[in-house]
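Engineer:
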Amino acid sequence: MSKRVIVDPITRIEGHLRAEVIVGDDGVVQDAFISSTLWRGLEVIAKGRDPRNIPLIMQRICGVCTYSHYLKSTMAIENALEIKIPYNAELVRTLMNAALFMHDHPVHFYHLHGVDWVDIVSALSADPRKASELAFKYSDNPIGTGENELKKVQETIAKFAKHPQGLGPFANAYWGHGTYKFTPEQNLIALSHYLKALEMQRMVAQMMAIFGGKQPHPQSLVVGGVTCVMDILDPARMGEYMVKFKKMADFIKNAYMADIKMAAEMYKAEPSVVKPVGVKNFLAQKEFMIGRDQYLFDGGYILDGDISKVFDLDEDLITEEATHSWYKDDGPQHPYDGTTVPNHTGFVDGESIGPDGQPIESKLIDPEAKYSWIKSPRYDGKPMEVGPLACLLVSYARGNKIVQDSVNGFLKATGLPVGALFTTLGRTAARALQCEIIADNALVAFNNLIENLKVDQETCATYVIDKDKEYKGRGMGDVPRGMLSHWVRIKNGVIENYQAVVPSTWNAGPMDAKGAKGPYEADLIGLKVQDITQPLEIIRIIHSYDPCIACAVHVMDTKGNKLSEYKVDPLYGSCSV
Ligand code: NFE
Ligand code: MG
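Written out as structure tokens, the structure reads:
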């Protein structure tokens with residue numbers, strides 16, 4: 005008899021996400037449902053406000069890709085008002101974007117997704133000397149893998165293990181699970197990089213703050229350009245950016261990429277990560293302007309996994325629908341006319357499998373009803389995967405030389421066939437390759453900025469908002485989790501309508517009216533789970549998308565009740581409930 009298995013909350017993601025699957029006696033997932041259980045409503049907040057303030061509000065959609073929303077919201081207003089921003093501003097925005105990607109992808113791989121690949125407990129039994137030698141197999145200049153460094157890593161984790169609260173950040177995981185494939189030495193190498201990545205992410209956050217003023221939620225973008233004039237004219241600030249960039253680029257190459265190659269070698273026969281993706285349509289938008297009309301990544305889409313054909317995007321064909329989402333107005337809407345009217349109907353009573361494998365009473369998703377705060381975006385009526393894998397596939401299909409060399413080089417080094425790209429392993433590798441391409445090329449924008457400043461110091465365009473005119477515009481691009489678009493209508497000088505169609509919405513959305521599944525749900529179907537009380541395979545697939553549910557749903561309980569009260573001590577800035 006089939007059983008309902010609920011994974012809720014899925015941790016090591018941003019936001020609130022639930023996976024509910026129906027598993028047969030053979031352990032194979034027969035059906036899958038993804039639900040976001042928290043609504044935010046930022047698009048509603050935008051209405052009636054001054055367009056110049058909107059980007060600062062919209063960046064609060066998320067605390068992870070805060071810059072993504074800030075940038076695309078600013079671009080949407082600029083597009084509506086037909087503002088052409090100065091070249092210097094474009095280039096500074098690219099440098100901030102590089103800081104975002106070089107922060108976001110390594111943090112995802114090590115601190116969110118890494119424990120799906122790396123068995124921390126196994127690392128304790130590794131031989132540090134052997135591990136130190138092994139690191140040279142994956143990089144000529146390995147980082148954090150000297151014998152003594154690795155011994156210290158083991159001591160640190162062993163101390164955690166003796167702590168009364170168990171393994172601290174590594175507690176309550178599925179250590180020893182049969183689908184972990186690294187040897188103890190490989191686990192130790194990756195664990196050392198996990199700890200190192202904590203330091204690196206702090207440094208790369210500072211890199212964003214050089215031009216952004218702070219991170220998260222940088223402050224230096226305005227409609228028309230940027231305000232960080234003093235920073236780009238100060239050689240010391242520019243030099244600081246470059247030094248930090250190069251250190252991070254080194255980590256990306258010699259730790260992150262090295263570990264991805266190690267994962268490709270060890271996991272290439274693990275069925276749960278080389279199972280073909282469920283949605284084979286991929287959508288991306290051009291991104292990363294490094295020089296005049298020069299972008300690192302291309303836009304377009306491919307269908308049915310066929311990279312021999314690539315199509316141009318027609319923005320009119322983007323819709324969002326709410327057949328299974330907790331909103332009114334079920335039918336497909338173009339984002340310029342999209343509505344966001346909450347209509348929460350909750351779950352139904354039923355039975356699922358508890359942590360000990362026994363049935364327990366539960367609230368369950370009704371597949372016939374609404375079951376998520378995430379809408380279902382569609383392109384020409386079709387579900388699409390977005391993200392680094394889509395970005396690389398579209399650029400590859402466009403003949404983008406940089407991307408082709410990167411992908412072909414990876415396939416050659418790992419001995420993987422092209423088909424391996426269309427898997428969980430491929431998705432995780434594509435994120436690292438995208439990050440490496442940025443690390444290899446974004447300083448072109450830096451050099452172009454230095455050159456341009458010699459002849460032009462313009463950083464912001466002027467404009468007027470005519471209260472008697474109506475405007476509409478959009479800001480689009482590829483952010484760390486995929487294609488992001490913000491859509492705005494302005495009337496009487498204020499926001500008339502605002503919609504954000506976000507990467508995690510494309511990937512995590514529920515079924516549409518035709519019953520077509522989005523990428524998360526489709527990927528889970530057919531997955532064999534070794535032990536339904538330890539659903540690591542499910543989590544690994546979901547994590548490979550780098551879910552950001554704050555973004556996808558864009559605070560309150562559903563009855564509007566106060567959840568908690570905070571007192572801030574002005575002397576210490578501390579916070580207590
Ligand atoms: Ni909140 Fe985001 C990115 C955006 S999300 S992380 O990248 O936009 O799906
Ligand atoms: Mg939205």
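Per the numbering used here: the sequence shown ends with 581, consecutive numbering throughout. We put the beta carbon where it would ideally sit given N, CA and C, even for glycine.
1) Examine ligand 1 and report whether any of its heavy atoms sits within less than 6 angstroms of the Cβ of Cys-232.
2) Identify, in the order they occur along the chain, each residue of the same chain with its Cβ nearer than 6 angstroms to the Cβ of Gly-67, setting aside the five sequence neighbours on each side.
3) Alpha carbon to alpha carbon, how far is Pro-363 from Met-5? Give it in angstroms, no decimals.
4) Let me check understanding here. Comparing Cα to Cα, which of His-558, Leu-300, His-109, Ala-127 lies closest to Ala-449?
5) When you compare the CB positions of Tyr-142 and Ala-262, do they come within less than 7 angstroms of one another, or not?
6) From Arg-544 to Tyr-467, what distance separates their C-alpha atoms?
7) Look at Ala-50 and Tyr-340 and say whether their C-beta atoms are less than 7 angstroms apart.
8) Around the C-beta of Lys-313, are 16 or more other C-beta atoms found within 10 angstroms, so that it is buried, or is it exposed?
9) Under 6 angstroms from any heavy atom of ligand 1, does the C-beta of Ala-434 make it?
10) Have a look at the DSSP bridge pairing and note the partners of Asn-451.
11) Taking Arg-435 as the reference, which of Pro-507, Asp-444, Asp-550 has the closest Cα?
12) Helix or strand or just coil, what does DSSP make of Gln-169?
13) Mind checking whether the beta-carbon of Pro-239 lies closer than 6 angstroms to any heavy atom of ligand 1?
14) Per DSSP, what are the beta-bridge partners of Gln-298 in this structure?
15) So is the beta-carbon of Ala-504 under 6 angstroms away from any non-hydrogen atom of ligand 2?
16) Give the range of the alpha helix (DSSP H) segment to which Asp-360 is assigned.
17) Under 8 angstroms Cβ to Cβ from Ala-373, same chain only, skipping five residues before and after it: list those, please.
18) With a threshold of 6 angstroms, establish whether the CB of His-73 neighbours any heavy atom of ligand 2.
19) Starting from Ile-38, trace the alpha helix (DSSP H) both ways and give me its first and last residue.
20) State whether the region 390 to 406 contacts the region 366 to 380, with contact taken as three or more CB pairs (one from each stretch) at a distance under 8 angstroms.
21) Thr-427 bridges to which residues according to DSSP?
22) Under the three-state reduction of DSSP, which class applies to Glu-631: helix, strand or coil?
23) Closer than 6 angstroms by C-beta to Asn-191: which residues in its own chain qualify, once you throw out the five before and the five after it? Chain order, please.
24) Can you tell me which of the three DSSP states Pro-531 falls into?
25) From which residue to which residue does the beta strand (DSSP E) around Val-505 run?
26) How would you call His-167, buried or exposed, if buried means at least 16 neighbouring beta carbons within 10 angstroms?
27) Sorted by chain position, which residues of the same chain lie with C-beta nearer than 6 angstroms to Ala-517's C-beta, five sequence neighbours on each side aside?
28) Give every residue of the same chain whose Cβ lies closer than 7 angstroms to the Cβ of Ala-417, excluding the five residues on either side of it in the sequence, and list them in chain order.
29) So what's Trp-491 in DSSP terms, helix, strand or just coil?
30) For the candidate residues Gly-45, Gly-118, Arg-8, whose alpha-carbon lies nearest to that of Gln-34?
Structural biologist: Here's the rundown:
1) The count along the sequence shown starts at 1 and reaches residue 232 at position 228. Not so, every heavy atom of ligand 1 lies at least 6 angstroms from the Cβ.
2) Translated into the one-based positions of the sequence shown, residue 67 becomes position 63. Cβ neighbours of Gly-67 beyond the five flanking positions: Pro-220.
3) Indexing the sequence shown from 1 puts residue 5 at position 1. Indexing the sequence shown from 1 puts residue 363 at position 359. So the two alpha carbons sit approximately 12 angstroms from each other.
4) Here residue 449 refers to the residue found at position 445 when the sequence shown is read from its first residue. Ranking the options by Cα distance to Ala-449, first place goes to Leu-300.
5) In the sequence shown, residue 142 corresponds to position 138, counting from 1. In the sequence shown, residue 262 corresponds to position 258, counting from 1. Yes, the pair counts as a contact, with Cβ atoms nearer than the cut-off.
6) For the purposes of this step, residue 544 is taken as residue 540 along the sequence shown, with counting starting at 1. For the purposes of this step, residue 467 is taken as residue 463 along the sequence shown, with counting starting at 1. Looking at the two C-alpha atoms, the distance is approximately 48 angstroms.
7) The count along the sequence shown starts at 1 and reaches residue 50 at position 46. The count along the sequence shown starts at 1 and reaches residue 340 at position 336. When the beta-carbon positions are compared, Ala-50 and Tyr-340 stay at least 7 angstroms from each other.
8) Start at 1 with the first residue of the sequence shown, and residue 313 comes out as number 309. With fewer than 16 Cβ atoms within 10 Å of its Cβ, Lys-313 is classed as exposed.
9) Looking up residue 434 in the sequence shown gives position 430. No, ligand 1 has no heavy atom inside 6 angstroms of this Cβ.
10) Here residue 451 refers to the residue found at position 447 when the sequence shown is read from its first residue. None; Asn-451 has no bridge partner.
11) Walking along the sequence shown from the start, residue 435 turns up at place 431. If we check each option's Cα against that of Arg-435, Asp-550 comes out closest.
12) Position 165 of the sequence shown, counted from the first residue, corresponds to residue 169. Here Gln-169 sits in coil by DSSP.
13) Here residue 239 refers to the residue found at position 235 when the sequence shown is read from its first residue. Pro-239: no, Cβ never under 6 angstroms from ligand 1.
14) By one-based count along the sequence shown, residue 298 stands at place 294. DSSP output for Gln-298 lists Gly-295 as bridge partner(s).
15) As a working note, residue 504 is residue 500 in the sequence shown. Yes, the beta carbon of Ala-504 sits closer than 6 angstroms to at least one heavy atom of ligand 2.
16) Within the sequence shown, numbered from 1, the residue matching residue 360 stands at position 356. Per DSSP, Asp-360 belongs to no alpha helix (DSSP H) and is neither H nor E.
17) Position 369 of the sequence shown, counted from the start, is the residue given in the question as residue 373. Cβ neighbours of Ala-373 beyond the five flanking positions: His-328, Thr-349, Val-352.
18) By 1-based counting over the sequence shown, the position of residue 73 is 69. Checking every heavy atom of ligand 2 against the Cβ of His-73, none is found closer than 6 angstroms.
19) For the purposes of this step, residue 38 is identified with residue 34 of the sequence shown, where counting begins at 1. Careful: Ile-38 lies outside any alpha helix (DSSP H), inside the beta strand (DSSP E) at 33 to 40.
20) no
21) The count along the sequence shown starts at 1 and reaches residue 427 at position 423. Per DSSP, Pro-280.
22) Only positions 5 to 581 of the chain appear in this structure, which leaves residue 631 out of reach.
23) Counting from 1 along the sequence shown, the entry for residue 191 is found at position 187. Closer than 6 angstroms at Cβ, skipping near neighbours: Val-122, Asp-123, Ser-126, Ala-127.
24) As a working mapping, residue 531 is identified with position 527 in the sequence shown. Per the sequence shown, residue 531 should be read as Leu rather than Pro. Assigned with DSSP and collapsed to three states, Leu-531 falls in coil, not helix or strand.
25) Within the sequence shown, the letter at position 501 stands for residue 505. Run containing Val-505: 498 to 505, per the beta strand (DSSP E) assignment.
26) The residue labelled residue 167 in the question sits at position 163 within the sequence shown. Classification of His-167: exposed, given that the 10 Å Cβ count is below 16.
27) Stepping through the sequence shown from its first residue, residue 517 is reached at position 513. For Ala-517, where only same-chain residues beyond five positions count, the Cβ hits under 6 angstroms are Thr-327.
28) Position 413 of the sequence shown, counted from the first residue, corresponds to residue 417. So the qualifying residues of the chain are Lys-265.
29) Along the sequence shown, one-based indexing puts residue 491 at 487. Strand, per DSSP.
30) Translated into positions along the sequence shown, residue 34 becomes position 30. Checked all of Gly-45, Gly-118, Arg-8; the closest Cα to Gln-34 is Arg-8.
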